[in-house]
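K.L.:
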Amino acid sequence: MNHDRSLVNATRAAARVALVTCTDLPDLDEDDRALIPALAARGIAAEPVPWDAAGADWAAYDLAVVRNTWDYAKRRAEFVAWARSVPRLANPASVIEWNTDKRYLRELAEAGIPIVPTTWVEPGDAFVPEGTGEIVIKPAVSAGSIDTGRYDLGSQAALAAEQVRRLQEAGRLVMIQPYLDAVDTAGETALLHFDGAFSHAIRKGAILTGPYVEGDLLYQNENISPRTPSDEERALAARVLAALPVPAGELLYARVDLLPSPDGPVVIEVELAEPSLFFSHAEGSAERFAAAVERRLALR
5 MNHDRSLVNA
15 TRAAARVALV
25 TCTDLPDLDE
35 DDRALIPALA
45 ARGIAAEPVP
55 WDAAGADWAA
65 YDLAVVRNTW
75 DYAKRRAEFV
85 AWARSVPRLA
95 NPASVIEWNT
105 DKRYLRELAE
115 AGIPIVPTTW
125 VEPGDAFVPE
135 GTGEIVIKPA
145 VSAGSIDTGR
155 YDLGSQAALA
165 AEQVRRLQEA
175 GRLVMIQPYL
185 DAVDTAGETA
195 LLHFDGAFSH
205 AIRKGAILTG
215 PYVEGDLLYQ
225 NENISPRTPS
235 DEERALAARV
245 LAALPVPAGE
255 LLYARVDLLP
265 SPDGPVVIEV
275 ELAEPSLFFS
285 HAEGSAERFA
295 AAVERRLALR
């Protein structure tokens, strides 16, 4: 019996995990650094590795966990090709490919999931801003609210049209959505799940204050605080997980982002590729994630 326990401990000590990041964050985002000691406590050696690091031997890791790869949006084809090349990747390459293009929202809507109403404008489509109120313009491939802006059609229609034209000229599919102003007071709710089980939730304050301003930011700064989701939000998140193209239990992590609307919560995004997991806002969450990683390693 002691011999068996020694073998288990030796296996744990030998486990090696890559926490995949980008060259702009070679030591991980501050929030994700909590994973290193949480994994070490389980005998798992974890190290940050940029996804495009020259000479990285991905086959040498027992598991590669995608974390802060937030520069992928401008190099998505290269990023997806990289994901396909990694032998043991969480979440899987097929999921990353599906989730890094927001066309997936169409599929969720077709499955009966309430999403933020969206008009899709292809690169060759004509777009003339009409109506009143505020809209949000974003590309279908984006991360960290980059290339995303908020426009008042009463006074900023020309700016809105210019933003659409700029994205179209870059060959990008454009999303036009109404600005749901309840987010200004209620905020956005993000529900985090590990191995398909709910872990914790956070409130994200409104980010968009006006038209997009070009810059070199990797992501927009966010106002984050803990949140207890409502029963309605929990139920919608469960419906989203059930509608995904793979069983939720096969995903190491999944984040469902909801906005308040007059008809109840609606999905703004489902994050299965490289979401912030907000460990610093939920006690024990890094340890729960580490336990999920350990379970994955045991299955291998």
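In our numbering, the protein residues as written are 5 to 304.
For every residue, glycine included, the Cβ atom is placed at its ideal position computed from N, Cα and C.
Note down the Cα distance separating aspartate 35 from alanine 42, rounded to an integer number of angstroms.
P.N.:
Approximately 12 angstroms between the Cα atoms of the pair.
K.L.:
Within 10 Å of its beta-carbon, does histidine 7 have 16 or more other beta-carbons around it, so buried, or fewer, so exposed?
P.N.:
Note that histidine 7 has pLDDT 42, beneath the 50 cutoff, so the model's placement of it is unreliable and no number is given.
K.L.:
Please return the same chain residues whose Cβ sits closer than 7 angstroms to the Cβ of tyrosine 216, not counting the five positions on each side in sequence.
P.N.:
So the list reads Asp151, Thr152, Gly153, Gln167, once near-sequence residues are dropped.
K.L.:
Do you know offhand how far arginine 292's Cα is from phenylalanine 198's?
P.N.:
Looking at the two C-alpha atoms, the distance is approximately 8 angstroms.
K.L.:
Please report the residue range of the alpha helix (DSSP H) in which arginine 79 lies.
P.N.:
Arginine 79 -> no alpha helix (DSSP H), and no H or E assigned at all.
K.L.:
By how many angstroms is the C-alpha of arginine 79 removed from the C-alpha of glutamine 3?
P.N.:
Outside the displayed range of the chain (5 to 304) lies residue 3, so it cannot be described from this structure.
K.L.:
Please list, in chain order, all residues of the same chain as leucine 184 whose beta carbon is under 6 angstroms from its beta carbon, the five residues on each side excluded.
P.N.:
Answer for leucine 184: Leu263, Ser265, listed in chain order.
K.L.:
Output needed for glycine 158: all residues of its chain with C-beta closer than 7 angstroms, excluding positions within five of it in sequence on either side, in chain order.
P.N.:
Within the same chain, glycine 158 has close Cβ partners Thr136.
K.L.:
Going by other Cβ atoms of all chains shown within 10 Å of its Cβ, with 16 needed for buried, is glutamate 237 buried or exposed?
P.N.:
So glutamate 237 ends up on the buried side.
K.L.:
Compute the Euclidean distance between the alpha carbons of leucine 275 and leucine 245, then round it to the nearest angstrom.
P.N.:
The question names leucine, but residue 275 is glutamate in the sequence shown. Each residue's Cα considered, the two are about 11 angstroms apart.
K.L.:
What beta strand (DSSP E) runs, 3 residues minimum, are completely inside the segment 128-172?
P.N.:
Runs of the beta strand (DSSP E) inside the segment 128-172: 138-143, 153-156.
K.L.:
Would you say glutamate 126 reaches chain D, if we count a Cβ-Cβ gap shorter than 8 angstroms as a contact?
P.N.:
Looking at the structure shown, chain D is missing, and only one protein chain is on hand.
K.L.:
With a CB to CB cut of under 8 angstroms and the five nearest residues on each side skipped, what residues in its chain are close to proline 230?
P.N.:
Counting only Cβ-Cβ distances below 8 angstroms, and skipping sequence neighbours, we find His204, Ala205, Ile206, Arg207, His285, Ala286.
K.L.:
Using three-state DSSP, classify tyrosine 216 as helix, strand or coil.
P.N.:
Here tyrosine 216 sits in coil by DSSP.
K.L.:
Nearest-angstrom Cα distance between alanine 295 and alanine 258?
P.N.:
Approximately 15 angstroms, taken between the alpha carbons.
K.L.:
Hey, out of Tyr76, Val69, Ile141, whose CA is closest to isoleucine 272's CA?
P.N.:
Comparing Cα-Cα distances from isoleucine 272 to each of Tyr76, Val69, Ile141, the minimum goes to Ile141.
K.L.:
So, helix, strand or coil for leucine 256, using DSSP?
P.N.:
Three-state DSSP puts leucine 256 in coil, outside helix and strand.
K.L.:
In chain order, what residues of the same chain have a beta carbon less than 7 angstroms from the beta carbon of alanine 2, not counting five sequence neighbours either side?
P.N.:
Look at the range of the chain in this structure, 5 to 304, and you will see that residue 2 is not part of it.
K.L.:
Is the segment 75-94 close to the segment 112-127, with three or more CB pairs under 8 angstroms?
P.N.:
No, the segment 75-94 is not in contact with the segment 112-127.
K.L.:
For valine 21, is the classification buried or exposed, using 16 other Cβ atoms within 10 angstroms of its Cβ as the cut-off for buried?
P.N.:
By the 10 Å Cβ count, valine 21 comes out buried.
K.L.:
Out of Ala44, Thr27, Thr213, Ile48, which has the shortest C-alpha to C-alpha gap to glutamate 138?
P.N.:
The candidate whose alpha carbon is nearest that of glutamate 138 is Thr213.
K.L.:
Which of the three DSSP states, helix, strand or coil, is assigned to aspartate 117?
P.N.:
Note that residue 117 is isoleucine in the sequence shown here, rather than aspartate. Reduced to three states, the DSSP call for isoleucine 117 is coil.
K.L.:
Between which two residues does the beta strand (DSSP E) containing glutamate 192 stretch?
P.N.:
Start and end: 192-198.
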